[in-house]
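Notes to accompany the following structure.
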Amino acid sequence: MSAEKTPIDGSSSANTLLQLHQLLTSCSKSISGGNFSQSQTSVSELINFLDSVSDAAISELEPGAKENAFRILSGIYEFLCSPSLNQENIDALSFELPKSASKFAGVSPQCLEISDNIIHRFIEKCSPRDMLPILCEALDSPNKTVQAATYVCPLISGLSDVFISLQRRHFEQIKVAVPVVVKVVKAISTESDYEDTELETLFERIVVNAHSIQTVCRKLEDGENEKLRALLGLYVLQILALVSVSRNYLHFALRLASILPYSGISGLGLITGYSVDTMSHIVIGEDEEDCSSFSSHVYLGASLSVVWAQKHDEFAQAAKFDFGAIKTELQNNPTKRWQAVGMLKHVFASIDLPWEFKRYTVDFLLYLTSGDISNKLEHNDCSLYMTSLYSSLQALTMIIIYASDTVLRKNAFEALKRVLGDIPNSQRFDILKALIKNSDSSSMVAILLDLVRGEMHRERILRTSLQKNEALEADSKTCQSTLFWSTSILELVESVLRPDTGGPPILPDNSDAVFLCIFCLFMFKLFDIYCLEHLNGYLCYYLAWIVLSALNLYRFVLMTEAAGKTNYTGLRSKNNLQKAYNEWLLPLRMLVGGIAAANKNDIDQHAVDTVCALNPIELVLYRCIELVEENLKHLA
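Residue numbering for the sequence shown follows the numbering used here, beginning at 121 and increasing consecutively.
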C-alpha cells in the first residue's frame, strides 16, 4: 500500500487523463473480480497518482498544473457518478478517495466545489455510519504538504451531511466526531499562515456543521434530544472560542450565539460556569473518566460569550442574554460574582487571544464590580473559590506586567484591587501572600507588598476607631485578630528577602527574578563581594522595586506596633528583631554599600543612574536599622 507516488512528467493533458482512466479501470476490475491483494495495489496506485497531481497543483511548480488538477478531479467525479459503477467499487474507494479528493480543495475554488461533490456522492451511496469514521480519520490526519484550512472544508461539510443522514444512535456517533472537528479547527485557527478568506471558508463550514446538529436535535425524542442539545452547546462554545482567537469575526459569532438558547444556555449560567458543568455532566455522564476532549475551549468560550454580549448588543440579542439582569445578580450575589471572576481567568490566561479581547474582559470585570458590592462580605466564605480566584488574579498580574497598552494596564490594576477588595479579609491575605510568593516579577511583588501595607493601614484605622467605642470592644478584639496583623506578616517579608528552600536557588531566565536570586545568595553569605563590581546597573532598579517595598512594609509595621505598644505581628520580639537585624538589614547594608562604592567614582551615566536608584533604599534601610536598634534597646 505504500508505493511511491507517480510523478507527473511533461506529458499532455490528454495523456494524463488517459493514465487516470487506466488506473480507474484497473481498480474497477480488481475490485469486481474479488482479488483483494490486487485491488489494494490498484487503489494505492490511484491514490498516489492523485496525490502527485494535487501536490504539483498546490506547489505550482509546473505550468498548467492547476488546470490539469481540475480535469483530473472532474474525471474522478464523473467516474463515481457513472450508472455502471457498482456498490462494491464505491465502498472500496470510499476509504481513501475522500481524503485524496480533499487535498485538491486548496488548488482553486472550482476544485473545492468538485471535492465537495465527490464526498457528497460517497455519502449518498454509502452508509452514513461507515462514512463518519472515514471522514473523522481523514480530518485527524491532514497531510503536511496540503493547505489544511481548505483541506478540511470538504470533510467538515461531509460530516454535516452524515449527521443529517444518520438513522439511529445520533448522540453516540456525533459525540465521536465533535472532538475531532474541534481539534483540527483549533490547530488551524491558532496558526497565522492562513489568509482571512481561507479561515472564513472554514468557519462558514463549521457554523453550518453546528446547524446540522441542531437540525438533528429537532428530529429526536426527549432523552437523546437533551443529550444532543447539551453536546451542541459545548460544541458551539468551543467554536466560539476559536472564532475569537482567530479574528474578530462578529458575523460568525452572531450565528453561533443564536444556537445558544436552543441548548438551554443562559448568560448567567455561562459566566458562572453552571451551564457548562450541567451540559458536561449530561454529555460525559458518570461512567466516563476522560472528559478532556470536551473541556479544552468550553470554559473559554463560555466566558467569551458574555464578553461578546457586553461589547455587542446584537450578540446579546441573538443569544437572548438579559445583560442588565446578569449584572444585577452578580452584584447582589457574592458567590456568583466569585464564580464569574473565576471563569474570566480563561480569557486572561489565554496566550492565543488578541489583546483586544482581554481589554474587553477587563472592562467587563470593572463593570460587574462597580458600585457597592462589599455589603456583609465578611459573613460569606469563598473558600470553595479560592483556587479559581487566585488563578484569575495571577492572570491579571500578567496583563499588568506585559500589556503594551497603558490604559489596559491601569484598568487591569484597578480590577485587581476591586477583586481583592471583594474577598473576605482572612482569605484576601492568603491570596496576596500566594501572589507574592509565586510571582517572578519583582516589580509586581513590590506592587503587591504595597497593597498589603495599604490593607494593614486600613485595618489599623478601623481598629483605632472601634477601640474608641467601648460598646464595640468585642468587635475590636475580632479586628485585632485579623491575619493582616499577625505573625504571617513576618513570614511574608521573609519570603521576599529569603528563598523558601533554605539554599541557593536556580537562576531563572526572567531578569526580574535574577536579581532576587542574587540578593538571596548574598543573604546566605554565598555571594562574593568581588562580584559586586560586576553587577549590572539594571539589577539595582529591581533592588529598589522589591526590597524598598519590603523595607517600607517592615518599617510601617514596626513603627505602628511600637507606637501602639503592641506586638500582633511578632516583629517586636527580641528574637525576630535580632533576626531581622543580623540576617536581613546588615547584609543588605553591605550589599548596597558595596554597589554604591563600586560606582562612586564612575562618571558613566549607567553608574550615575545606579547610584540614584540606591538612594531611596539607603534612606529606608538606615531608618529600619535605627528602629530595630531602638526596640532592642528598650528590651534590654
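Don't be surprised by glycine CBs; every beta carbon is placed ideally from N, CA and C.
Cβ pair residue i, residue j closer than 9 angstroms
{"i": "residue 316", "j": "residue 274", "result": "no"}
{"i": "residue 461", "j": "residue 512", "result": "yes"}
{"i": "residue 202", "j": "residue 171", "result": "no"}
{"i": "residue 330", "j": "residue 259", "result": "no"}
{"i": "residue 143", "j": "residue 165", "result": "yes"}
{"i": "residue 737", "j": "residue 667", "result": "yes"}
{"i": "residue 744", "j": "residue 671", "result": "yes"}
{"i": "residue 190", "j": "residue 230", "result": "yes"}
{"i": "residue 383", "j": "residue 350", "result": "yes"}
{"i": "residue 610", "j": "residue 528", "result": "no"}
{"i": "residue 234", "j": "residue 224", "result": "yes"}
{"i": "residue 217", "j": "residue 270", "result": "no"}
{"i": "residue 440", "j": "residue 536", "result": "no"}
{"i": "residue 151", "j": "residue 159", "result": "yes"}
{"i": "residue 705", "j": "residue 748", "result": "yes"}
{"i": "residue 366", "j": "residue 309", "result": "yes"}
Neighbour-count burial assignment, residue i, 16 or more Cβ in a 10 Å radius
{"i": "residue 204", "result": "exposed"}
{"i": "residue 575", "result": "buried"}
{"i": "residue 399", "result": "buried"}
{"i": "residue 287", "result": "exposed"}
{"i": "residue 694", "result": "exposed"}
{"i": "residue 686", "result": "exposed"}
{"i": "residue 281", "result": "buried"}
{"i": "residue 283", "result": "buried"}
{"i": "residue 650", "result": "Legend: pLDDT at residue 650 = 35, less than 50; position of this residue unreliable, value from coordinates given subsequently. So residue 650 ends up on the exposed side."}
{"i": "residue 751", "result": "buried"}
Residue i, DSSP secondary structure in three states
{"i": "residue 205", "result": "coil"}
{"i": "residue 227", "result": "coil"}
{"i": "residue 267", "result": "coil"}
{"i": "residue 287", "result": "coil"}
{"i": "residue 584", "result": "helix"}
{"i": "residue 754", "result": "helix"}
{"i": "residue 740", "result": "helix"}
{"i": "residue 273", "result": "helix"}
{"i": "residue 510", "result": "helix"}
{"i": "residue 703", "result": "helix"}
{"i": "residue 127", "result": "In this prediction, residue 127 has a pLDDT of 46, which is less than 50 and means its spatial position is unreliable; nothing more can be read from the coordinates."}
{"i": "residue 714", "result": "helix"}
{"i": "residue 685", "result": "coil"}
{"i": "residue 146", "result": "helix"}
{"i": "residue 502", "result": "coil"}
Host alpha helix (DSSP H) of residue i (start-end)
{"i": "residue 335", "result": "316-339"}
{"i": "residue 292", "result": "290-309"}
{"i": "residue 468", "result": "454-468"}
{"i": "residue 437", "result": "433-439"}
{"i": "residue 165", "result": "156-179"}
{"i": "residue 188", "result": "185-200"}
{"i": "residue 537", "result": "526-541"}
{"i": "residue 557", "result": "545-557"}
{"i": "residue 402", "result": "394-404"}
{"i": "residue 475", "result": "475-488"}
{"i": "residue 250", "result": "248-260"}
{"i": "residue 381", "result": "No alpha helix (DSSP H) holds residue 381; DSSP gives it neither H nor E."}
{"i": "residue 369", "result": "No alpha helix (DSSP H) contains residue 369, which DSSP labels as neither H nor E."}
Best match in the options for proximity to residue i [C-alpha to C-alpha]
{"i": "residue 305", "options": "720, 360, 156", "result": "360"}
{"i": "residue 547", "options": "515, 582, 510, 160", "result": "510"}
{"i": "residue 506", "options": "339, 458, 468", "result": "458"}
{"i": "residue 425", "options": "373, 355, 688, 340", "result": "373"}
{"i": "residue 443", "options": "455, 428, 340", "result": "428"}
{"i": "residue 447", "options": "177, 491, 150", "result": "491"}
{"i": "residue 385", "options": "405, 362, 357", "result": "357"}
{"i": "residue 163", "options": "332, 369, 147", "result": "147"}
{"i": "residue 573", "options": "585, 318, 675, 489", "result": "675"}
{"i": "residue 608", "options": "551, 453, 560, 563", "result": "551"}
{"i": "residue 302", "options": "252, 354, 341", "result": "354"}
{"i": "residue 711", "options": "741, 689, 693, 682", "result": "741"}
{"i": "residue 579", "options": "544, 522, 559", "result": "544"}
{"i": "residue 389", "options": "516, 463, 245", "result": "463"}
{"i": "residue 434", "options": "686, 371, 149", "result": "371"}
{"i": "residue 422", "options": "402, 481, 701", "result": "481"}
{"i": "residue 431", "options": "449, 518, 397, 487", "result": "487"}
{"i": "residue 688", "options": "139, 508, 254, 604", "result": "604"}
{"i": "residue 516", "options": "467, 613, 614", "result": "467"}
{"i": "residue 345", "options": "393, 292, 396", "result": "292"}
{"i": "residue 532", "options": "719, 475, 343", "result": "475"}
{"i": "residue 501", "options": "255, 556, 454", "result": "454"}
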